[in-house]
RNA sequence: UCCUCGGUAGCUCAAUGGCAGAGCAUCCGGCUGUUAACCGGAGGGUUGCUGGUUCGAGUCCAGCCCGAGGAGCCA
């Protein structure tokens, strides 16, 4: 019998097919069973009448437990009474394996309970929808860069020292007597790759050992980091706008079903077209102060500040020219305003906060060395990085985009923890 | 690390200092179009841990453990 996947079931109306999956839910009226089956690609209601199947089969279906793995053969029918518009009238049922006492019942559960059973929670319709949007976003990101001629050049996960020295890193024992650290950014290596290949991107996991306990933080998250040689801040902003708008358009186009499952208000995504509004740090500060937000001018934008700013616009907003003092050592100062960095943060709408951080890099050897010393970083660890300014230094820049924050925003979620199959957070390493 | 909130049946939650309960899940029975189906019945408890106040503590007090949200920091 033809094995078909549920997402293609509409192509088989009137035909007898087999679906292989798991029992998601079951209802019965005594002489007719309704089995909701999922197979990873979707959910399908199987109807089994008492007179349609052998008595043993009908009885087996009556006692079938949630998440038991089953193979069902039947005739595909169009039926408006079924969610999704199609149904399968069962002729045969094979129980592959019986599940007993599946812990995630059709009623509500607490977050802690669900996170302890994340390996099972991901079977839920809502969770599969999120993971499919994540998949689409990642593919859209890769396509965006690949189509523009960027070269994927991944950066190491074991690193010898802090990239920026400001955030906490996870130490790893590296053979006998050396300590390595899990990367917090591939950016420094990305700069070297850009000098070799012109325009590059790295895409991989990133680790932050900060004890952040908020809905925006994971200790392990995925980041895409493009870097361009011969580029200035405007080029970086244009690239960020192009990336974000194309990712949103792609998800709207390909994942309408999933966004509907998530009850996402897509009108808030349809406005995400270029150009994005740009705010100089000083303008951002003025908006905050005018709104009565107790903002400390000269400091970084906090979560509340980002929320207030992003709510002023119907699309992501680019905030530029932060004080150089609060930015990383490798940021290039603005020649017209040397206490400011040529940097940009992109804040997602609806209060979702920073999804992109980047800017133009410091390309002057002497100034870079001075900054390294000012930040009390060991210059010998950055010899290779300084080489990039010794041998053919050029203006260059790039940014990092956090995938999970992007998924959170596009899906309209409350928390990043649902955007990755197995979230790693402060106090959560299982499963 | 700091601030706030929480921990009671497998799950989600009730319970004025006075007999520890409901819905769902599970098991049994009923129902031929259900949509988190519904109806009837049954089983199910070390109220996070330790100590204290009290005739009496799920409830009040102290300490501890665990979790959530937020701050800082960041994508």
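Residue numbers (our numbering): -6 to 424.
Think of the CB as a built atom: it goes at the ideal place given N, C-alpha and C, for glycine as much as any other residue.
Item, Value
"Taking only the alpha-carbon atoms, compute the straight-line gap between residue 97 and residue 289 and give it to the nearest angstrom.", "46 Å"
"What are the complete alpha helix (DSSP H) segments, minimum 4 residues, inside the stretch 168 to 246?", "180 to 190"
"Between the beta-carbon of residue 348 and the beta-carbon of residue 394, is there less than 9 Å?", "yes"
"Residue 6 to residue 212, Cα distance in whole Å?", "47 Å"
"Quick check: residue 58 and residue 95, are their CB atoms within less than 9 Å of each other?", "yes"
"Alpha carbon to alpha carbon, what distance is there between residue 346 and residue 296?", "7 Å"
"Once DSSP output is grouped into helix, strand and coil, what is the label at residue 159?", "Its pLDDT being 47, under 50, residue 159 is placed unreliably in this model, and the value from its coordinates should be taken loosely. DSSP places residue 159 in coil when its eight states are reduced to three."
"Helix, strand or coil for residue 132? Go by DSSP, reduced to three states.", "helix"
"Just checking, does the stretch 225 to 234 make contact with the stretch 370 to 377 on the three C-beta pairs under 8 Å criterion?", "no"
"Leaving out five residues on either side along the sequence, give the residues of the same chain with a beta carbon under 6 Å from the beta carbon of residue 66.", "-6, 11, 84, 85"
"Going by CA-CA distance only, name the one from 280, 274, 241, 344 that's closest to residue 130.", "241"
"Given that a residue counts as buried once 16 or more other Cβ atoms are within 10 Å of its Cβ, and exposed if not, what is residue 127?", "buried"
"For the structure I just gave you, are there three or more beta carbon pairs, one from the stretch 379 to 386 and one from the stretch 252 to 259, closer than 8 Å?", "no"
"Within this structure, are the beta carbons of residue 142 and residue 229 separated by less than 9 Å?", "no"
"In its own chain, which residues sit with a C-beta less than 6 Å from the C-beta of residue 405, not counting the 5 before and 5 after it?", "257"
"Using the DSSP secondary-structure output, state which residues sit across from residue 403 in a beta bridge.", "Residue 403 pairs with nothing; no bridge assigned."
"So which of 411, 310, 363 has the shortest CA-CA distance to residue 208?", "411"
"In chain order, what residues of the same chain lie with their CB nearer than 8 Å to the CB of residue 344, ignoring the 5 residues before and after it?", "299, 300, 303, 304"
"The beta strand (DSSP E) with residue 85 in it runs from where to where?", "79 to 90"
"Closest by CA to residue 355, which one among 60, 52, 138, 333?", "333"
"What separation, rounded to the nearest whole angstrom, lies between the Cα atoms of residue 44 and residue 21?", "14 Å"
"For residue 259, which residues from the same chain have a beta carbon less than 8 Å from its beta carbon, with the 5 sequence-adjacent residues on both sides left out?", "245, 249, 252"
"Which parts of the stretch 307 to 368 are runs of the alpha helix (DSSP H), unbroken and 4 residues or longer, counting only runs that do not cross its ends?", "358 to 367"
"Need the endpoints of the alpha helix (DSSP H) that residue 52 sits in, please.", "48 to 55"
"Look at the Cβ atom of residue 87, then the Cβ atom of residue 64, and state whether they are nearer than 9 Å.", "yes"
"From residue 425 to residue 91, what does the alpha carbon distance come to, in whole angstroms?", "One cannot answer for residue 425 here, as it falls past the ends of the chain, which runs -6 to 424."
"Starting from the Cα of residue 238, find the closest Cα among 108, 312, 261, 221 and give me that residue.", "261"
"Within 10 Å of its beta-carbon, does residue 318 have 16 or more other beta-carbons around it, so buried, or fewer, so exposed?", "exposed"
"Under the rule that 16 or more other beta-carbon atoms within 10 Å means buried, what is residue 172, buried or exposed?", "exposed"
"Cβ of residue 308 within 9 Å of Cβ of residue 337?", "no"
"Specify the secondary structure class of residue 294 as computed by DSSP and reduced to three states.", "coil"
"Mark residue 320 as exposed unless 16 or more other C-beta atoms lie within 10 angstroms of its C-beta, in which case mark it buried.", "buried"
"When burial is assigned at 16 or more other CB atoms within 10 Å of the CB, is residue 187 buried or exposed?", "buried"
"Just how far apart, CA to CA, sit residue 448 and residue 204?", "The chain is shown from -6 up to 424; residue 448 falls before or after that span and cannot be answered."
"Label residue 93 either buried or exposed according to how many other C-beta atoms from any shown protein chain fall within 10 Å of its C-beta, with 16 as the threshold for buried.", "exposed"
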